[in-house]
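Undergrad: Please read through the structure below; I'll follow up with questions.
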Amino acid sequence: LIGEDDCFIKLEFVSRFMPPMAKNAAVADVVHLDSDSDSDDGVGGRESASTIADATTEAPRETLECRSFWKAGENFVIPNVVTPTASGMLEHARVHPRFLHSNATSHKWAFGAIAELLDNAVDEIQNGATFVKIDKINIVKDNSPALLFQDDGGGMDPAGLRKCMSLGYSSKKSNTTIGQYGNGFKTSTMRLGADAIVFSRSTRGGTSTQSVGLLSYTFLRKTGQDDVIVPMIDIDISKESPQPIIYGSPEDWAANLEILLKWSPFSTEDELLQQFEDVGTHGTKVIIYNLWLNDEGIYELSFDDDDEDIRLRDESVNDGKRLHHKLLELRSHISYHLRYSLRAYASMLYLKKFKNFKIIIRGIPVEQFNIADEFRFPEIIKYKPHTATMEQASTEIKVGFVKEAPKLAICGFNVYHKNRLIRPFWKVTVGGDSTGHGVVGVLEANFIEPAHDKQDFERSSLFQRLEARLKKIVYSYWYTHCHVFGYNTYQMPADKSKKIAIPDQPPTVNTFNPSPLPSDKISQGGPIIREINFSNATSHRTVSVAAPHLRNSTGLRSNFQPVQLNPQPAAADTGNNLVGKSAGEISEENLQLFMRCEEYIKKENEIEQTVKSLEKELEEAKSKCAQLALLVDAKKKEMQQV
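Per full-length UniProt numbering, the very first residue in the sequence shown carries number 1; after that it's consecutive.
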């Protein structure tokens, strides 16, 4: 579930500069989160476990005062005295426990954190994993809910678990694995709850081991630690009788166990080790407890609304109020449902369907869903990204109408990276009209890099080029298919193979020569009508648009004079200007011109709003002027009477 290679960093400088004898001088089994994962014993930097255990025995078992995630990093008391470095170790940079919380804030959405843990389980398919299950369990100590993640992957040996608990260590660089930054386990677990305990069992080199590690924000804060430390125990189960793996002394191993029992959900060693009973010979189990609350003091994750699902609370739901039927239909679609339903989100999370792997939520497998399977009038478009330095591999963009079109105004692209959904229903067109309604696309964009939370992409030049291309695809598809729903058809040339010559022409000095308006029309304040001609080979489409400040609620005002902004050239000139261009090239140019027209219309609407605002301010100023004039007159009369 976590993956042996999930993590990395080294903020301490122990392994590179420490003498060989000093490396092995540390004996305790409490591991620093920033410990050196490349040390020979596979354990890394350590601190005296007995010292920490003594400090924790005095603190009562309790949770954080603030259980709201977005406020949990506040009021953090930083001690004035720094804990001295353990004997035999060089001084190193420390990771303060507050970093665990600030690092987890990269996940704005709780389901994004859950997706990170699912990614780790999916990466274990190459190690034989056949399932990952997510469920709610109850903590016996305080009868509170906890979140369970479990898979049957290869598991982690003691060294692997320590690498996982480090920050940023990752050797997942293959084309098939999703994880690559080595930060997902820490950010995701700390985003969902204050504490997480990991159980992992594996076999490496003929040796079978089971390990337990505790990443506890509560423990670190309550004991006043100034460094992130993770108590762990390891057991060799290769022999008939399990044997503790002791790196220092038996006392150190016992001290780690004592910390685990005090700050984990399990009070005895038997209860702790019973968690391995359903793990099998290999696999990993993660329990996240002390789950975060929202600002109202309610758990962020809802387990009671649906026994077969885990949900986020929809704050936009109206309590008992009737909603418009269109809004109800929109909320019934998966594009809305996946924001609040983990089952809906998980069904679309991976593009290709698994053959021998299942995602199980609350005991019921998730049925994978690809919206492209339900497209009406589907088309496949090849896209090959280019940069100044290299040429990327091409990808296929599948586009079509959703089955609910045109009743639902759903549109956008589901963009995947290495089989993982990054941006669901990404709307690339400008809103405001019905253009593009019902048009949805699906593509896998492995040529652009996702952000660290895997909910968006880095804003690179490749990303911007893709966005521009997707916008053209939407407009092109819409104007060639919207007639099936009764919209006006964007006319295409009857013979697409016909080429019309358009030689390059030098620009003229004055291409805008509208006929002068009659003086009586000008005095009457008639509007200017902008005549925009969309030419596509032999067919034309003319749109007349009034200037926004001259429109009214019933349409155009009377007494207007058309003005042609770009008059059409003579027929003979048109023929000469089209030499050398195909119908497809002309169509592409038309689409670009139309998109510019859409942008101009948007700007006109903005100007219209500005004009209305200024007119309103002018009326208010006139009203104030009139009031002030009345006050001045009243004052003058009073002075005359005196």
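Beta carbons are placed, not taken as given, at the ideal position from N, Cα and C, and that holds for glycine.
If I310 sits next to R362, beta carbons under 8 angstroms apart, how far is it from one beta carbon to the other, in whole angstroms?
TA: Confirmed, about 7 angstroms.
Undergrad: Compare the beta carbon distance of L261 and L272 with 8 angstroms and say whether it is the shorter of the two.
TA: Against a cut-off of 8 angstroms, the Cβ pair of L272 and L261 comes out as a contact.
Undergrad: Would you list, in sequence order, the uninterrupted alpha helix (DSSP H) runs of no fewer than 4 residues that lie entirely inside the UniProt domain "Morc S5" (340-478)?
TA: For the UniProt domain "Morc S5" (340-478), whole alpha helix (DSSP H) runs of length 4 or above, ordered along the chain, are 342-348.
Undergrad: Quick one: measure Cβ to Cβ for G128 and G154, integer angstroms, because I've assumed they're closer than 8 angstroms.
TA: Right, their Cβ atoms sit about 6 angstroms apart.
Undergrad: Determine, using beta-carbon pairs with one atom in the segment 245-252 and one in the segment 214-221, whether at least three such pairs fall under 8 angstroms.
TA: Contact between the segment 245-252 and the segment 214-221 is absent, because fewer than three Cβ pairs lie under 8 angstroms.
Undergrad: Provide the residue(s) that pair with A146 in DSSP beta bridges, ordered along the chain.
TA: Paired residue(s): I137.
Undergrad: Quick one: any contact between the segment 107-120 and the segment 193-213, if contact means 3 or more CB pairs under 8 angstroms?
TA: With a cut-off of 8 angstroms, the segment 193-213 and the segment 107-120 do not count as touching, because too few Cβ pairs lie within range.
Undergrad: Might you give, ordered along the chain, the residues of its own chain that have their beta carbon closer than 6 angstroms to the beta carbon of A344, omitting 5 neighbours on each side?
TA: The residues are I334, H337 and L338.
Undergrad: Comparing alpha-carbon positions, which option in S394, F401 and A146 lies nearest D373?
TA: When each option's Cα is compared against that of D373, the closest is F401.
Undergrad: Rounded C-beta distance between Y299 and P265? I'm assuming under 8 angstroms.
TA: Incorrect: roughly 16 angstroms between the Cβ atoms, too far for contact.
Undergrad: When you compare only the Cα positions, how much space is there between K384 and R420?
TA: Cα to Cα, the separation comes out at about 20 angstroms.
Undergrad: At what residues does the alpha helix (DSSP H) containing R313 begin and finish?
TA: No alpha helix (DSSP H) contains R313, which DSSP labels as neither H nor E.
Undergrad: Within 10 Å of its beta-carbon, does I448 have 16 or more other beta-carbons around it, so buried, or fewer, so exposed?
TA: With 16 or more other Cβ atoms within 10 Å, it is buried.
Undergrad: Quick check on DSSP: helix, strand or coil for K612?
TA: Residue state, collapsed to three classes: helix.
Undergrad: Does the Cβ-Cβ distance between G412 and K427 come in under 8 angstroms?
TA: In this structure, K427 lies closer than 8 angstroms to G412 by Cβ.
Undergrad: Could you tell me the alpha carbon to alpha carbon distance between Q640 and C625, rounded to whole angstroms?
TA: Their backbone Cα atoms lie some 23 angstroms apart in a straight line.
Undergrad: Give me the DSSP bridge partner(s) of S303.
TA: Checking the sequence shown, residue 303 turns out to be Phe, not Ser. BP columns for F303 are empty, so no partner.
Undergrad: Would you identify the three-state DSSP class for D226, choosing helix, strand or coil?
TA: Reduced to three states, the DSSP call for D226 is coil.
Undergrad: Below 8 angstroms on the Cβ atoms is my contact criterion, and I expect Q150 with G283 to pass it. Report the Cβ-Cβ distance as a whole number of Å.
TA: That pair is a contact at about 7 angstroms.
Undergrad: Helix, strand or coil for N290? Go by DSSP, reduced to three states.
TA: In this structure, N290 counts as strand in the three-state DSSP scheme.
Undergrad: List the DSSP bridge partners of G193.
TA: Note: G193 sits in a beta bridge opposite L291.
Undergrad: Going by DSSP in three states, T209 sits in which element: helix, strand or coil?
TA: Three-state DSSP puts T209 in a strand.
Undergrad: Less than 8 angstroms between the C-beta atoms of N103 and T187, yes or no?
TA: Closer than 8 angstroms, so yes.
Undergrad: How many Å lie between Q225 and V95 at the Cα?
TA: Taking the straight line from one Cα to the other gives about 10 angstroms.
Undergrad: The alpha helix (DSSP H) with G112 in it runs from where to where?
TA: From DSSP, the alpha helix (DSSP H) with G112 extends over A110 to D123.
Undergrad: Write down the C-beta distance between A115 and L291 rounded to the nearest angstrom, noting that I regard them as a contact closer than 8 angstroms.
TA: Not quite, the Cβ-Cβ distance comes to about 17 angstroms (not below 8 angstroms), so this is no contact.
Undergrad: Just to confirm, are N256 and I235 a CB contact at a threshold of 8 angstroms?
TA: Cβ distance not < 8 angstroms, so N256 and I235 don't count as in contact.
Undergrad: So which of T207, E258 and S341 has the shortest CA-CA distance to D270?
TA: Here the closest residue by C-alpha is E258.
Undergrad: Taking only the alpha-carbon atoms, compute the straight-line gap between L591 and K472 and give it to the nearest angstrom.
TA: Looking at the two C-alpha atoms, the distance is approximately 7 angstroms.
Undergrad: Rounded to whole angstroms, what is the Cα-Cα separation between S434 and V474?
TA: Their Cα atoms are separated by approximately 12 angstroms.
Undergrad: I'd like the span of the alpha helix (DSSP H) that includes E251, first residue to last.
TA: It spans P250 to W263 - the alpha helix (DSSP H) in which E251 sits, taken as one unbroken run.
Undergrad: Does DSSP put P242 in a helix, in a strand, or in coil?
TA: P242 falls in the coil class under three-state DSSP.
Undergrad: Classify Y350: buried if its beta carbon has 16 or more other beta carbons within 10 angstroms, exposed otherwise.
TA: Burial call: buried.
Undergrad: Provide the residue(s) that pair with F199 in DSSP beta bridges, ordered along the chain.
TA: V212 and K285, per the DSSP bridge assignment.
Undergrad: Please return the same chain residues whose Cβ sits closer than 7 angstroms to the Cβ of P97, not counting the five positions on each side in sequence.
TA: The answer, listed in chain order, is Y217, L220, R221, Q225 and V228.
Undergrad: I need the DSSP call for D270, collapsed to helix, strand or coil.
TA: Helix.
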